[in-house]
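So the structure is just underneath, and the comments pick up after that.
Below you can see the structure in the form of structure tokens.
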């Protein structure tokens, strides 16, 4: 496994592995973590859904031949995208020593706009199986990630509309926690290392692509390959 998180846009909320969307597109993948931008995008109304990457791992079948169900996260596209636009505007004002940030923000938002759909899908199964294997514990990992997505959205909502004031609050919150909703920003690198792999909490500005390690089938493709 590649040990990445994967982000897609699609036309439905999958209720089962075979519940395929009419349309689906890759958006981004990230090694060994879920970057902050994914969580903001998924903050609209994150809900547990079925994974579309796998219907279970054969090695984990029990004595009855049942595979443990694998879960992912579904969320509406529009609310999270609106929050990401707000956050990126504040981020651009807060970071003054990253020469490519503004261009990467512009390119990222344009890419997301071009791949807009009804819903988003966040797949974290590769990260989750690094530490867990039982279905109940894998489900708990997804539930914990849903809470992280909600916290990220609440933090963005708490930023004032005045961009300069919001940028100052973001810088303070990234440096130290204070027990408020803004603690979701703690640990973000507000400098040229905003996406650097050596830090545990990349913002996730720069990596957008339709082509992901897992290219998921839409309904027509899935039925044709059954």
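In full-length UniProt numbering, the protein residues as written are 1 to 226.
Every residue, glycine too, gets a C-beta built ideally from N, C-alpha and C.
Small disclaimer: the values here were computed from a predicted structure and weren't measured.
Item: Own chain partners of residue 87 with C-beta closer than 6 Å, once the 5 adjacent residues on each side are dropped; Value: 40, 156
Item: Residues that DSSP places opposite residue 71 in a beta bridge; Value: 50
Item: Inter-stretch contact at 8 Å, needing at least 3 Cβ pairs: the segment 136–152 / the segment 96–103; Value: no
Item: Whether residue 25 touches residue 151 by CB criterion (8 Å); Value: no
Item: Interface flag, residue 4 vs chain D, CB-CB below 8 Å; Value: You won't find chain D in this structure, because it holds only one protein chain.
Item: Candidates 166, 217, 121, of which the one nearest residue 49 by Cα; Value: 121
Item: Identified DSSP bridge partners for residue 146; Value: For residue 146, which the question treats as bridged, DSSP gives no partner whatsoever.
Item: C-beta atoms of residue 214 and residue 71 nearer than 8 Å; Value: no
Item: Under the three-state DSSP convention, the category residue 24 falls into; Value: strand
Item: Cβ-based burial, residue 167 [other Cβ within 10 Å; buried from 16]; Value: buried
Item: Residue 37 classed as buried or exposed, judged by whether at least 16 other C-beta atoms fall within 10 angstroms; Value: buried
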